[in-house]
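Worksheet for the structure shown next.
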Amino acid sequence: MNAIIFHGSAPHATANKFWYQNIANSLIEQGVKTIIADLPKLDQESLTDTLSKIKKMNLVIDKNTILIGHSAGTNIIFALLEKLTMPVKAVYLVAGYSQLNGMKHTTLKSSYDWDAIKKNAKEFYIFNSFNDPFNCNEKQGKILFDHLGGTLILRNDGHFTKQQQPLLLALLKQY
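Those letters in the sequence shown? Residues 59 to 233, per the working numbering, in order.
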């Protein structure tokens, strides 16, 4: 089994910030091969350029893969799931969004193939916050839930930038 973590918008969110390393280390301790996809220009360059860089990483994305995305990283996951030919094991969307939220995002598409995305993951866990300062809030979570189903978790955790994310960690222990 393997996991891939996609961080949020650079330069604010990088592979070494927030909870990414703690979650990666925990998964590795559980025996899950884990990588944080380091995308230093995420949400500053085109989605096409970002996906091209991801392709060059030769990441294994198959039925034994867990995808974890934070903020703009969730949009990368949507773009990847639209093109897969087999479903991944699970997807965790943390502070995700699919609608304009008042900020400029180069990773956000104007529309998604929700049927393809939903078909290409066995399970979705959606974490959003009532008090998200970047409008990746409960409304965005509800939109994602309406498209994808799964489990919607609404908190008061801002933009989920704390070093520790105990609920996410507890859910990931099932693997």
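Glycine included, every Cβ here is placed at the ideal spot set by N, Cα and C.
Asked	Found
Delimiting residues of the alpha helix (DSSP H) encompassing THR132	130 to 141
Residues of its chain near ASN178, where Cβ-Cβ distance is below 7 Å and the 5 sequence neighbours each way are ignored	LEU139, LEU142, PRO145, VAL146
Cβ neighbour criterion (16 or more within 10 Å) applied to ASN189	exposed
Residue nearest to ASN193 in terms of C-alpha spacing, selected from TRP172, VAL118, ILE134, LYS162	LYS162
Which listed residue (GLY154, PRO98, PHE76) has its alpha carbon closest to that of TYR183	GLY154
Rounded separation between SER168 and ASN133 - CA only	11 Å
Run of the alpha helix (DSSP H) containing SER110, from where it starts to where it stops	105 to 114
Contact check, LEU210 vs PHE203, beta carbons under 8 Å	yes
CA-to-CA distance, THR106 to ASN74, given in whole angstroms	24 Å
Same chain only: Cβ atoms within 6 Å of TRP274, ignoring 5 sequence neighbours per side	Look at the range of the chain in this structure, 59 to 233, and you will see that residue 274 is not part of it.
Where the alpha helix (DSSP H) containing ALA174 begins and where it ends	172 to 177
Distance CB(ALA137)-CB(LEU117) smaller than 8 Å	no
Sequence-distant residues of the same chain with beta carbon closer than 7 Å to SER104, five excluded per side	THR164
Exposure label - LEU97; buried when at least 16 CB within 10 Å	buried
Extent of the continuous beta strand (DSSP E) to which ALA228 belongs	Counting along the chain, ALA228 falls outside any beta strand (DSSP E), though it belongs to the alpha helix (DSSP H) covering 224 to 230.
Rounded separation between ALA174 and LYS220 - CA only	32 Å
Backbone CA spacing between PRO215 and THR108 [nearest angstrom]	The residue you asked about is not Pro; residue 215 is Asp in the sequence shown. So the two alpha carbons sit approximately 28 Å from each other.
Alpha-carbon spacing of ILE93 relative to GLY160, whole angstroms	30 Å
Buried versus exposed, by CB contacts within 10 Å (16 or more), ALA148	buried
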